[in-house]
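Peer 1: Numbering (the numbering used here), first residue to last: 327 to 724. Backbone N, C-alpha and C define an ideal beta-carbon position, used for all residues, glycine too. Everything numeric in this text was worked out from a predicted model, so none of it was measured. Quick one: structure below, then a few questions.
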């Protein structure tokens with residue numbers, strides 16, 4: 327006998343549903359027993375999580391029975407999509423999606439369906455078994471789509487939450503507001519680096535979305551053995567790098583991800599809790615970077631000390647006075663030699679005539695200055711930094 331498009335292939339649907347409903351408890355128990363023996367990850371779950379998985383299995387099997395009862399014909403497949411997801415997964419807490427991954431969920435659903443299918447012939451008459459086997463396949467397909475929807479929603483929600491959390495961490499670094507929650511929030515984002523940190527600032531790339539840019543920055547950082555936290559603040563892209571050995575080398579790894587314009591990197595600091603020190607120097611350097619149009623890309627905040635000092639950065643002024651001017655004053659003859667050398671247009675012979683010494687003496691002192699400060703008076707850019715340090719030191723009266 328053939329069935330029409332609207333006919334019911336089951337001889338007695340109500341009797342079939344009743345038989346399956348009575349056996350649902352035994353089917354659930356059988357599925358749990360097989361999971362215990364065949365799925366190592368299930369045995370490693372806590373007792374609470376195993377019980378939640380059991381509820382999902384029970385809901386899935388009961389959902390099939392209810393679905394079968396609500397589907398009078400093959401082309402009318404009962405609840406699906408969000409409704410079916412609610413039936414199967416509604417009993418379990420949302421946090422379970424973070425304990426069991428998508429692959430494991432597919433495994434337990436496949437096993438549950440297999441348990442149901444393997445018992446159909448024993449539970450039902452030969453006349454009804456073929457139709458129920460087909461119904462199981464349709465139901466398994468619907469559950470598969472419902473499972474994907476659950477995990478897609480969870481991933482979307484988790485991604486949005488992670489983005490907000492990452493923005494909070496970066497904002498705390500920029501605002502110099504490190505609190506006890508900073509490290510725990512960073513850890514929740516997967517920040518596993520406990521080494522030195524540097525902050526990199528630059529223009530936002532115009533050709534990429536935030537998510538694309540952030541993912542690429544993280545990929546480049548991971549390839550270099552570093553960690554990265556990213557956020558945009560207006561037209562500025564902020565990247566906090568962890569596991570940094572050399573600030574310029576670290577920034578060079580990701581400089582291609584910034585838009586056109588200066589890219590600056592702050593000094594290396596000892597851990598995320600001190601990253602605000604690097605951020606403060608980088609912010610000051612970014613504001614002052616326009617004063618050096620030919621600056622390298624990336625440029626360190628220390629290389630922009632003269633521009634920062636001229637822009638009113640007190641930290642830069644103090645650094646130049648304490649780390650450059652005062653050490654020169656403490657070394658006999660070096661501050662005077664530097665001043666005369668610069669006043670004479672960086673002429674060794676001219677400085678020697680004014681100081682009444684041999685030109686080789688001037689050259690020797692210039693090397694001493696370079697060794698003491700790390701800045702060579704014979705290099706134009708570094709000579710400019712030394713001259714600003716002299717001016718600031720004289721103004722300080724120290």
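In the DSSP assignment, find the unbroken alpha helix (DSSP H) run with residue 721 in it and report its ends.
Peer 2: For the purposes of this step, residue 721 is taken as the residue at position 395 of the chain shown. Its alpha helix (DSSP H) spans residues 706-722.
Peer 1: Spell out a yes or no on whether the stretch 609-625 and the stretch 581-596 are touching, meaning 3 or more CB-CB pairs, one atom from each, closer than 8 angstroms.
Peer 2: Output reads yes: the stretch 581-596 touches the stretch 609-625.
Peer 1: Going by the CB atoms, is the gap between residue 581 and residue 565 shorter than 8 angstroms?
Peer 2: As a working note, residue 565 is residue 239 in the chain shown. As a working note, residue 581 is residue 255 in the chain shown. Cβ atoms of residue 565 and residue 581: not closer than 8 angstroms.
Peer 1: Can you check which of these residues, 672, 362, 664 and 339, is closest to residue 715 by C-alpha distance?
Peer 2: Taking the chain shown and counting its residues from 1, one reaches residue 715 at position 389. Selected option, being the one with the closest Cα: 664.
Peer 1: Quick one: what's got a C-beta closer than 6 angstroms to residue 685's C-beta in the same chain, skipping five residues either side?
Peer 2: Translated into positions along the chain shown, residue 685 becomes position 359. 674, 675 and 678.
Peer 1: By Cβ distance below 7 angstroms, which residues in the same chain neighbour residue 305 in space, the five residues on each side in sequence not counted?
Peer 2: With the chain covering only 327 through 724, there is no way to say anything about residue 305.
Peer 1: Given this structure, state the Cα-to-Cα distance separating residue 351 from residue 369, to the nearest angstrom.
Peer 2: Here residue 351 is taken as the residue at index 25 of the chain shown, counted from 1. Here residue 369 is taken as the residue at index 43 of the chain shown, counted from 1. Approximately 21 angstroms between the Cα atoms of the pair.
Peer 1: Based on Cα-Cα distance, which residue from 659, 532 and 697 lies nearest to residue 687?
Peer 2: Here residue 687 corresponds to residue number 361 of the chain shown, with the count starting at 1. Here the closest residue by C-alpha is 659.
Peer 1: Which value, in whole angstroms, describes the spacing of the CA atoms of residue 492 and residue 698?
Peer 2: Taking the chain shown and counting its residues from 1, one reaches residue 492 at position 166. Taking the chain shown and counting its residues from 1, one reaches residue 698 at position 372. Going by the C-alpha atoms only, they are around 41 angstroms apart.
Peer 1: Restricting to Cα atoms, I'd like to know which of 377, 643 and 605 is closest to residue 499.
Peer 2: For the purposes of this step, residue 499 is taken as residue 173 along the chain shown, with counting starting at 1. It is 605.
Peer 1: Measuring straight from C-alpha to C-alpha, what distance separates residue 595 and residue 639?
Peer 2: Numbered from 1 along the chain shown, position 269 holds the residue referred to as residue 595. Numbered from 1 along the chain shown, position 313 holds the residue referred to as residue 639. Roughly 19 angstroms between the two C-alpha positions.
Peer 1: Are residue 383 and residue 343 touching if we call contact CB-CB under 8 angstroms?
Peer 2: Locating residue 383 in the chain shown gives position 57, where the first residue counts as 1. Locating residue 343 in the chain shown gives position 17, where the first residue counts as 1. No, Cβ-Cβ distance for residue 383 and residue 343 is not below 8 angstroms.
Peer 1: Would the stretch 649-656 count as touching the stretch 706-720 if we require 3 or more Cβ pairs under 8 angstroms?
Peer 2: Yes, since at least three Cβ pairs between the stretch 649-656 and the stretch 706-720 fall closer than 8 angstroms, the two stretches touch.
Peer 1: If you draw a straight line from the alpha carbon of residue 527 to that of residue 490, how long is it in whole angstroms?
Peer 2: Locating residue 527 in the chain shown gives position 201, counting from the first residue. Locating residue 490 in the chain shown gives position 164, counting from the first residue. For residue 527 and residue 490, the distance between alpha carbons rounds to 19 angstroms.
Peer 1: Rounded to a whole number of angstroms, what is the C-alpha to C-alpha distance between residue 694 and residue 701?
Peer 2: Position 368 of the chain shown, counted from the start, is the residue given in the question as residue 694. Position 375 of the chain shown, counted from the start, is the residue given in the question as residue 701. Near 10 angstroms, if we compare the C-alpha coordinates of residue 701 and residue 694.
Peer 1: Could you give the distance in angstroms between the alpha-carbon of residue 568 and the alpha-carbon of residue 619?
Peer 2: As a first step, residue 568 must be located in the chain shown, where it is residue number 242. As a first step, residue 619 must be located in the chain shown, where it is residue number 293. Answer to the nearest angstrom: the Cα atoms are 29 angstroms apart.
Peer 1: Comparing the C-beta of residue 695 with each C-beta of chain D, is any distance below 8 angstroms?
Peer 2: Of the chains in the structure shown, none is chain D; there is only one protein chain.
Peer 1: Can you find the residues in the same chain that come closer than 6 angstroms, C-beta to C-beta, to residue 647, ignoring five residues on each side of it along the sequence?
Peer 2: Position 321 of the chain shown holds residue 647. Only 718, 719 and 722 meet the Cβ criterion.
Peer 1: I'd like to confirm the pairing. Which residues does DSSP put opposite residue 529 in its beta bridges?
Peer 2: Here residue 529 refers to the residue found at position 203 of the chain shown. Its beta-bridge partners are 562.
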